[in-house]
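K.L.:
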Amino acid sequence: MSLASSQTQSLETAFRRDHPGYANTAVLDELRRTDFARLDRGGHVYLDYTGGGLYAESQLREHMRLLENDVFGNPHSINPTSAASTELVERARASVLEFFNASPEEYVAIFTPNATGALRLVGEAYPFHPGDRFLLTFDNHNSVNGIREFARARGAETTYVPSVAPDLRVDEDLLPRYLTDTPGDHHNLLAYPAQSNFSGVHHPLGWIELAHSHGWDVLLDAAAYVPTSRLDLSRWHPDFVAISFYKMFGWPTGVGCLLARRDALAKLERPWFSGGTIVAAFVQREYYQSAPGAAHFEDGTVNYLNLPAVEIGLRFLDRIGLETIHMRVSALGDWLLGALDSLRHTDGSPAVAIYGPRTWQRRGATIAFNFLHPDGSVVDERYVDRVASRHNISLRTGCFCNPGAGEVAFTISRETLVGGEFGEGMTLDDYVRAIGLPSGGAIRASLGLVSSFADLRRFQQFATEFIDLRSVPDDLPPRNTC
Ligand SMILES: Cc1ncc(COP(=O)(O)O)c(C=O)c1O
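Quick note, my numbering runs 34 ahead of the 1-based positions in the sequence shown.
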């Protein structure tokens with residue numbers, strides 16, 4: 035046995051000793067060998083599960099078998115092939131409610147193209163009026179930030195609740211101060227992520243009840259949370275929940291869901307109607323009658339050939355058990371966090387800056403960080419990307435569509451941001467330079483259901499490339515988007 039592999043073995047032994055629960059997740063090692071064999075066949079280290087989950091090969095086979103063996107027509111009809119599609123769509127809908135333990139009396143599952151589509155449905159139809167409020171955490175995906183434009187157009191006020199560095203959590207005493215009761219007949223909406231797609235922080239689900247007690251509606255962005263954590267909608271009762279299925283089980287892409295409480299859904303005012311969303315519409319009389327329930331929110335033809343794959347994917351997760359997946363990524367994430375935190379240059383200075391909690395409490399397996407040069411300056415994340423590609427490691431770099439978390443992590447003030455003009459034709463790089471930011475982004479490693487200790491060990495070996503690194507090449511590609 036080579037020195038490197040005996041070192042890996044002893045590290046894994048120590049890891050298993052420190053994380054005894056990991057042994058109970060062996061079923062995932064077996065799945066990695068069978069249903070995810072393509073990862074090791076291609077020599078991949080996949081660390082971007084928050085970007086996109088991976089599918090088991092058996093999911094594809096089951097889905098393709100279903101499509102091969104029957105004939106499916108557009109569900110907006112009553113012929114036999116249409117009825118067959120409708121049955122599969124409704125089965126998928128029922129399986130989503132069941133997976134999240136959502137009572138069909140309380141919740142409706144509306145299929146959307148992705149989590150963004152679900153968030154947009156709420157944003158564009160929430161009955162914001164002057165005097166109403168839209169409250170959201172700094173730590174939010176841009177698909178939630180964008181709702182402020184709907185609020186603004188309808189005259190409602192947008193307020194951000196700050197996160198606090200270094201942990202990037204919201205000060206627990208602060209939120210109630212923002213959730214002030216508004217006298218009169220107002221619609222106020224709180225939006226936050228159950229898990230940050232930047233730092234992995236779990237924001238408290240207890241905020242849902244707190245907000246309700248002040249008369250607020252709650253939009254929970256659960257896209258990054260549900261792939262590895264159980265969201266039980268019989269325990270928590272957010273008004274709206276947005277998810278993307280490819281993040282949970284990789285296949286299919288192009289399908290997400292808005293889980294909405296029936297009474298909250300009734301408040302929404304859709305700005306238009308379209309095919310599939312109405313019972314009747316007329317041309318000579320400008321009148322339409324909305325379809326009831328989910329149908330009113332599903333524009334056009336739903337993705338009916340891919341929807342059966344949602345039921346297959348949810349069943350796949352259920353067979354493994356979300357608790358097993360949670361245990362797996364928590365054990366590995368804890369180790370990875372420690373490995374990053376302890377990486378040092380030979381002069382003893384830290385080689386990594388971690389953005390977010392440095393302990394494994396109330397967080398998920400997404401870690402944001404930057405490598406540091408020995409003088410403490412940030413290693414350009416575009417160079418990290420280049421080195422990672424040489425190692426066949428898939429990481430995410432940039433701002434991860436979550437500018438608010440980044441602004442707090444890099445201590446960028448509002449004054450700094452407004453101090454620089456983001457003019458027509460400017461690139462993100464020009465702006466980063468103009469306002470003197472230390473970095474244009476960060477690196478994100480995120481774990482998922484078939485992550486393994488071997489992945490982390492390969493990552494650790496890759497990370498040693500940054501020890502004592504004093505400069506990076508100057509031919510890095512431009513940063514064009516956040
Ligand atoms: C927390 C969070 N919300 C929303 C989204 C948007 O998801 P999608 O691009 O699938 O619409 C993402 C995607 O990364 C996310 O992580």
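Even glycine gets a Cβ: it sits at the ideal position worked out from N, Cα and C.
1) DSSP on Thr-146, reduced to helix/strand/coil?
2) Am I right that Ala-143 and Ala-328 are in contact with their C-beta atoms under 8 Å? What's the rounded C-beta distance?
3) What span of residues does the beta strand (DSSP E) with Asp-251 cover, start to end?
4) For Phe-500 versus Ala-402, is the C-beta spacing smaller than 7 Å?
5) Express the C-alpha separation of Val-178 and Ala-45 in angstroms, rounding to a whole number.
6) To which residues of the same chain is Leu-65 closer than 7 Å at the C-beta, ignoring the five residues directly before and after it?
7) Just to check, is the beta-carbon of Ala-149 closer than 6 Å to a non-hydrogen atom of ligand 1?
8) Taking 6 Å as the line, does the beta carbon of Ser-278 fall inside it for any heavy atom of ligand 1?
9) Quick one: which unbroken beta strand (DSSP E) runs of 3-plus residues sit fully inside the stretch 304-344? Chain order, please.
10) I'd like the span of the alpha helix (DSSP H) that includes Ile-469, first residue to last.
11) Whole-angstrom Cβ separation of Arg-304 and His-330, contact assumed at under 8 Å?
12) Any heavy atom of ligand 1 closer than 6 Å to the beta-carbon of His-163?
13) What does the alpha-carbon distance come out to for the pair Ala-488 and Ser-119?
14) In its own chain, which residues sit with a C-beta less than 7 Å from the C-beta of Leu-339, not counting the 5 before and 5 after it?
15) So, helix, strand or coil for Ala-199, using DSSP?
16) Could you give the C-beta distance for Gly-410 and Lys-281, rounded to a whole number, given that I count them as a contact under 8 Å?
17) Using the DSSP secondary-structure output, state which residues sit across from Phe-236 in a beta bridge.
18) Please check the pair Gly-290 and Thr-400, which I expect to be a contact at CB under 8 Å, by giving their CB distance rounded to whole angstroms.
19) Do Leu-153 and Ala-276 come within 7 Å of each other at the CB atom, strictly closer than that value?
P.N.:
Result, derived from the coordinates:
1) Counting from 1 along the sequence shown, the entry for residue 146 is found at position 112. The answer is strand: DSSP assigns Thr-146 an E or B state.
2) One-based indexing of the sequence shown puts residue 143 at position 109. One-based indexing of the sequence shown puts residue 328 at position 294. Contact flag correct, Cβ pair sits at about 6 Å.
3) If you number the sequence shown from 1, residue 251 lands on position 217. Note, Asp-251: beta strand (DSSP E), 251-255.
4) Along the sequence shown, read from residue 1 onward, the residue named residue 500 stands at position 466. Along the sequence shown, read from residue 1 onward, the residue named residue 402 stands at position 368. The answer is no: Cβ separation not under 7 Å.
5) Residue numbering aside, residue 45 sits at position 11 when the sequence shown is read from its first letter. Residue numbering aside, residue 178 sits at position 144 when the sequence shown is read from its first letter. It should be noted that the sequence gives Leu, not Ala, for residue 45. Rounded to the nearest angstrom, the two C-alpha atoms are 41 Å apart.
6) Here residue 65 is taken as the residue at index 31 of the sequence shown, counted from 1. Hits under 7 Å: Ala-90, Val-484.
7) Here residue 149 is taken as the residue at index 115 of the sequence shown, counted from 1. Yes.
8) As a working mapping, residue 278 is identified with position 244 in the sequence shown. Yes - ligand 1 has a heavy atom lying nearer than 6 Å to the Cβ of Ser-278.
9) Here the runs fully enclosed are 312-315, 322-324.
10) Working through the sequence shown from its first residue, we reach residue 469 at position 435. Per DSSP, Ile-469 lies in no alpha helix (DSSP H) and is assigned neither H nor E.
11) Start at 1 with the first residue of the sequence shown, and residue 304 comes out as number 270. Start at 1 with the first residue of the sequence shown, and residue 330 comes out as number 296. With a Cβ gap of about 7 Å, Arg-304 and His-330 count as contacting.
12) Against the sequence shown, residue 163 aligns to sequence position 129. No, since every heavy atom of ligand 1 falls outside the 6 Å radius drawn around the Cβ of His-163.
13) Here residue 488 corresponds to residue number 454 of the sequence shown, with the count starting at 1. Here residue 119 corresponds to residue number 85 of the sequence shown, with the count starting at 1. Rounded to the nearest angstrom, the two C-alpha atoms are 42 Å apart.
14) Against the sequence shown, residue 339 aligns to sequence position 305. Same-chain partners within the cutoff: Leu-101, Phe-106.
15) The count along the sequence shown starts at 1 and reaches residue 199 at position 165. The answer is coil: DSSP assigns Ala-199 none of H, G, I, E or B.
16) Working through the sequence shown from its first residue, we reach residue 410 at position 376. Working through the sequence shown from its first residue, we reach residue 281 at position 247. About 35 Å separates the two Cβ atoms, so there is no contact after all.
17) For the purposes of this step, residue 236 is taken as residue 202 along the sequence shown, with counting starting at 1. Here the sequence assigns His to residue 236, which means Phe is not the residue at that position. DSSP, once it has assigned bridges, lists Gln-229 as partnering His-236.
18) As a working note, residue 290 is residue 256 in the sequence shown. As a working note, residue 400 is residue 366 in the sequence shown. No, Gly-290 and Thr-400 are not in contact; Cβ-Cβ is about 19 Å, not under 8 Å.
19) The residue you call residue 276 lines up with position 242 of the sequence shown. The residue you call residue 153 lines up with position 119 of the sequence shown. Yes. Within cutoff.
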